[in-house]
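Participant: My questions all concern the structure below.
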């Protein structure tokens with residue numbers, strides 16, 4: 002465990018003890034869409050504590066929490082968190098993809114690229130932005146941390162269920178399982194810690210997890226090794242035609258589940274695994290900021306990356322300082338890229354919206370975004386987006402800070418896997434639709 006993680010856990014525990022006698026109260030903030038009235042409030046975890054999970058969300062519903070212990074550890078004493086609690090889908094169907102992928106590597110463990118290893122021929126995007134080769138027909142690259150792999154194009158970036166052990170039947174309260182094959186997002190989302198561990202009736206091997214069999218979907222999940230937890234078992238397991246494979250890639254574990262008849266897809270995903278210094282869009286997979294550093298460029302550029310010709314593309318890169326790694330990314334091009342740059346330039350030249358009174362001093366940032374703006378023939382320019390905690394919110398281009406506004410912030414978080422999982426209410430109001 003890193004010094005940062007130890008300090009964070011100690012801080013969280015101290016705040017939890019201080020919050021024992023706190024009486025929660027329901028709060029309401031304006032809807033992100035600007036409509037009048039209070040947002041829906043979910044999560045009546047009576048007598049339960051809050052803890053920080055590693056589960057992404059798919060749909061966004063504003064969930065307001067006040068003075069819950071682990072949430073205090075995220076936003077500080079007196080903080081208000083807009084937590085994005087997922088909602089389930091009524092569609093109870095399951096599906097397995099029959100798409101094909103890249104060449105199989107005979108099931109061998111993936112090989113990590115050396116830092117000085119030459120990029121393969123036929124790069125996915127020109128201008129030497131990546132060392133990834135072109136994906137196989139019908140496939141796309143997905144990147145979590147510095148682990149890249151190919152999946153069928155139709156596989157979504159989506160949530161893994163928040164509390165799979167609490168799912169009793171399809172469509173119930175905690176059923177947030179995607180209804181299509183997916184690549185699991187990475188997040189530090191606070192989730193309820195409630196007493197539901199009733200999985201003894203699951204009629205499949207425990208290695209397959211706790212999601213009821215009727216809700217299984219093909220997926221890929223990348224997890225960093227937890228030094229305080231037992232080392233995950235690696236290998237392959239089969240249940241009624243479903244194939245589960247888990248392999249270790251450096252300090253990460255990659256779990257692949259595919260449905261009946263899709264063993265080849267499983268092998269192809271495994272065979273495509275590799276480490277990469279950049280994702281397909283130009284995001285560096287190693288965070289440019291050390292844990293705890295301010296969320297802003299460390300050197301002043303000669304000119305603002307917001308100025309100049311219309312951008313060719315913008316890579317939206319999300320990081321978590323705790324692992325100093327990329328957790329999700331996507332790309333916008335053409336008029337969407339131009340509109341985003343214009344919206345940031347048009348935003349007031351100041352930080353905000355801020356509520357410093359809601360946070361304890363020195364709260365660590367758990368996520369931030371870097372916008373890499375590409376123009377034809379030039380090096381990319383970076384704009385840092387700070388939206389966590391309670392102060393210094395805004396777009397930092399190294400010269401000026403621009404306030405988070407609806408027109409500028411919502412396009413950044415419009416699609417997964419780049420998402421906000423917890424934020425102050427004022428930030429949620431401008432950044433989430």
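Numbering (this note's numbering), first residue to last: 2 to 434.
Note that beta-carbon positions come from the ideal geometry of N, C-alpha and C, so glycine has one too.
#1: Can you tell me whether DSSP reads residue 165 as helix, strand or coil?
#2: Would you call the stretch 155-172 and the stretch 180-192 touching, i.e. three or more CB-CB distances under 8 Å?
#3: Is there contact between the stretch 334-341 and the stretch 296-310, where contact requires at least three CB pairs shorter than 8 Å?
#4: Considering only DSSP beta bridges, list what residue 318 is partnered with.
#5: Based on DSSP bridge pairs, tell me the residues matched to residue 180.
#6: Taking buried to mean at least 16 other C-beta atoms within 10 Å of its own C-beta, is residue 233 buried or exposed?
#7: Output the distance between the C-alpha atoms of residue 414 and residue 280, rounded to the nearest integer angstrom.
#8: Output needed for residue 282: all residues of its chain with C-beta closer than 6 Å, excluding positions within five of it in sequence on either side, in chain order.
#9: Buried or exposed: residue 208, going by 16 or more other Cβ atoms within 10 Å of its Cβ?
#10: Using the C-alpha atoms, what's the distance from residue 296 back to residue 1?
#11: Quick one: residues in its chain with C-beta nearer than 6 Å to the C-beta of residue 319, no 5 flanking neighbours on either side, listed in chain order?
#12: In the DSSP assignment, the beta strand (DSSP E) including residue 336 goes from what residue to what residue?
#13: At what residues does the beta strand (DSSP E) containing residue 148 begin and finish?
#14: With C-beta atoms as the reference, is residue 404 less than 8 Å away from residue 395?
#15: Report the partner residues of residue 415 according to the DSSP bridge assignment.
#16: What first and last residue would you give for the alpha helix (DSSP H) that runs through residue 280?
#17: For the beta strand (DSSP E) containing residue 257, list its first residue and its last residue.
#18: Based on Cα-Cα distance, which residue from 358, 289, 274 lies nearest to residue 323?
#19: Going by Cα to Cα distance, which pick from 140, 372, 268, 201 is closest to residue 313?
#20: Straight-line CA distance for residue 412 to residue 241?
Facilitator: Taking the structure as given:
#1: In the structure shown, residue 165 sits in a helix (DSSP, three-state: H, G or I).
#2: Touching, yes.
#3: Because the criterion of three Cβ pairs below 8 Å is not met, the stretch 334-341 and the stretch 296-310 do not touch.
#4: For residue 318, DSSP records a beta bridge to 330, 371.
#5: Residue 180 pairs with nothing; no bridge assigned.
#6: With fewer than 16 Cβ atoms within 10 Å of its Cβ, residue 233 is classed as exposed.
#7: Between the C-alpha atoms of residue 414 and residue 280 there is a straight-line separation of about 18 Å.
#8: Result list for residue 282: 316, 330, 332, in chain order.
#9: Residue burial annotation: residue 208 is exposed, with fewer than 16 other C-beta atoms found within 10 angstroms of its C-beta.
#10: Summary: the structure shown does not reach residue 1, with the chain confined to residues 2 through 434, and so no result is reported for it.
#11: If we look at residue 319 and ignore the five residues flanking it on each side, its Cβ neighbours are 328, 329, 370, 419.
#12: Counting along the chain, residue 336 falls outside any beta strand (DSSP E), though it belongs to the alpha helix (DSSP H) covering 335-347.
#13: Counting along the chain, the beta strand (DSSP E) containing residue 148 begins and ends at 148-153.
#14: Yes, they are a contact pair.
#15: Answer is none; residue 415 lacks a bridge partner.
#16: From DSSP, residue 280 is part of no alpha helix (DSSP H); its letter is neither H nor E.
#17: If you look at residue 257, you'll find it in the beta strand (DSSP E) that goes 253-259.
#18: Nearest C-alpha to residue 323: 289.
#19: The shortest Cα separation from residue 313 among 140, 372, 268, 201 belongs to 372.
#20: Answer to the nearest angstrom: the Cα atoms are 42 Å apart.
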